[in-house]
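Under the working numbering, think of the first position of the sequence shown as 21, with each following residue one higher. Glycine included, every Cβ here is placed at the ideal spot set by N, Cα and C. Computed from a predicted model, the values in this text were never measured in an experiment. Please read the structure below before turning to the comments.
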Amino acid sequence: MVNNKWINAGYACEPVDENIDLVAEIKRLVKQKNAVIMAHYYVDGAVQDVADFIGDSLALAQQAAKTDARIIVLCGVHFMGETAAILCPDKKVLVPDLNATCSLAESCPADKFAEFVKSHSGHTVVSYVNTTAATKSVTDVVVTSSNARQIVESLPEDTPIIFGPDQNLGSYINSITGRNMLLWPGACHVHARFSVEKILQLKAQHPDAKILVHPECKGPVVKLADKVGSTAALLKFAIADTAQEFIVATESGILHEMQKSAPDKTFIPAPPDDSTCACNECEYMKLVTLRKLYLCLKYEWPVVTVPADVAALAIRPINKMLDISSQLGL
Ligand code: 13P
Ligand code: SF4
21 MVNNKWINAG
31 YACEPVDENI
41 DLVAEIKRLV
51 KQKNAVIMAH
61 YYVDGAVQDV
71 ADFIGDSLAL
81 AQQAAKTDAR
91 IIVLCGVHFM
101 GETAAILCPD
111 KKVLVPDLNA
121 TCSLAESCPA
131 DKFAEFVKSH
141 SGHTVVSYVN
151 TTAATKSVTD
161 VVVTSSNARQ
171 IVESLPEDTP
181 IIFGPDQNLG
191 SYINSITGRN
201 MLLWPGACHV
211 HARFSVEKIL
221 QLKAQHPDAK
231 ILVHPECKGP
241 VVKLADKVGS
251 TAALLKFAIA
261 DTAQEFIVAT
271 ESGILHEMQK
281 SAPDKTFIPA
291 PPDDSTCACN
301 ECEYMKLVTL
311 RKLYLCLKYE
321 WPVVTVPADV
331 AALAIRPINK
341 MLDISSQLGL
């Protein structure tokens, strides 16, 4: 167990010898401990580079469900670790910094959401994966931005639906499916920051650039898009499309893999509306560093835990999502 002296609010923080080769040590520990490192596209590029698997939220859940490793290190935010812990109760799931929460998940407290659900009886409850395990426990089916459209369309047309917590994703799904889902008023503070004006300024400077937008962005930003999709869908589009330049309206960590996968193309991060900084970063994702990843593997800490009663309820909507996704080949 990590020395108490070096426990600091959710991550191991003992000094690390600066001469140590962190990448080599991480790889050695992964092998020695039968661990697997899974990383989301928004974490620091150096962490993505040492991961065994990188993906969007759906792919991370799918990979967690099928891994044989003894330890899963989820380099992402807390709800991603919770999903892995719920799917793999026999494995140790670590997140290098437990402070890596998510403003969208936090915008939907489970008790308030449960009251909302109760006051709209007869509705099917569809929750975005960016929720706490407790919120998932009052949900009928979970979705990610990769499968939300297909899962909503799989429900009978006259089904009344509650969709939470992302009102931007919910409005987008309403607009493309013709449904009229009741939306919980939550949002991601990173994606809500993109502005039409700044993207149009970039477009004026790069008229041939295609605009890639994550559906957590506000409606007017989504309307500018040549492609709307999850991180994995935006990456796939950028690799396959004939355009040479792309304006990217999602968290800027995705540019690392875009640039690696399509080195001859140019990726321009769309800036937030409220600063002069060129990139829009999720400060929670950026809490995951190589140093914390190394210490987390060394001490097998901090562990993500989900109370058994919550996990027993939350696994049903997660498995429902995985089942529908696999039936649809997603
Ligand atoms: P993806 O599922 O598209 O990777 O999105 C996760 C996320 O947190 C977006 O902000
Ligand atoms: Fe949550 Fe937004 Fe960060 Fe994604 S980018 S993890 S939705 S706060």
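With 16 or more neighbouring CB atoms inside 10 Å of its own CB, Ile-338 falls in the buried class. When DSSP states are grouped into helix, strand and coil, Tyr-61 belongs to the coil group.
For the pair Gly-96 and Leu-310, the Cα-to-Cα distance works out to about 12 Å. Looking from the CA of Ala-71, the closest CA among Leu-78, Ala-85 and Leu-49 belongs to Leu-49. In its chain, beyond the 5 residues on either side, Pro-289 and Pro-291 have a beta carbon closer than 7 Å to the beta carbon of Ala-298. A direct Cα-to-Cα measurement between Asn-194 and His-98 gives close to 28 Å. Only residues of its own chain outside the window of five on either side were considered, and among them Val-146, Ser-147, Tyr-148, Val-149, Ile-171, Val-172 and Met-341 have a CB closer than 8 Å to the CB of Val-163, listed in chain order. Bounds of the alpha helix (DSSP H) holding Thr-103 are 98 to 107. By the criterion of a C-beta distance shorter than 7 Å, Ala-332 is surrounded by no residue of its chain, once the five residues flanking it on both sides are discounted. Bounds of any beta strand (DSSP E) do not take in Ala-84; it lies within the alpha helix (DSSP H) bounded by 77 to 86. Following the DSSP letters along the chain, one finds Leu-114 inside the beta strand (DSSP E) bounded by residues 112 to 114. One residue list follows from the rule of a beta carbon closer than 5 Å to any heavy atom of ligand 1, given in chain order as Asp-76, Ser-77, Thr-164, Ser-165, Ser-250 and Thr-251. In this structure, DSSP gives Ile-91 an extended state, which the three-state scheme calls strand. Those residues placing their Cβ nearer than 7 Å to any heavy atom of ligand 2 are, following chain order, Tyr-62, Val-97, Cys-122, Ser-123, Leu-124, Ala-125, Asn-150, Cys-208, His-209, Val-210, His-211, Glu-236, Glu-271, Cys-302, Tyr-304 and Met-305. It is roughly 35 Å from the alpha-carbon of Tyr-319 to the alpha-carbon of Ala-253. Annotation: Leu-232 to Leu-202 spans about 27 Å, alpha carbon to alpha carbon.
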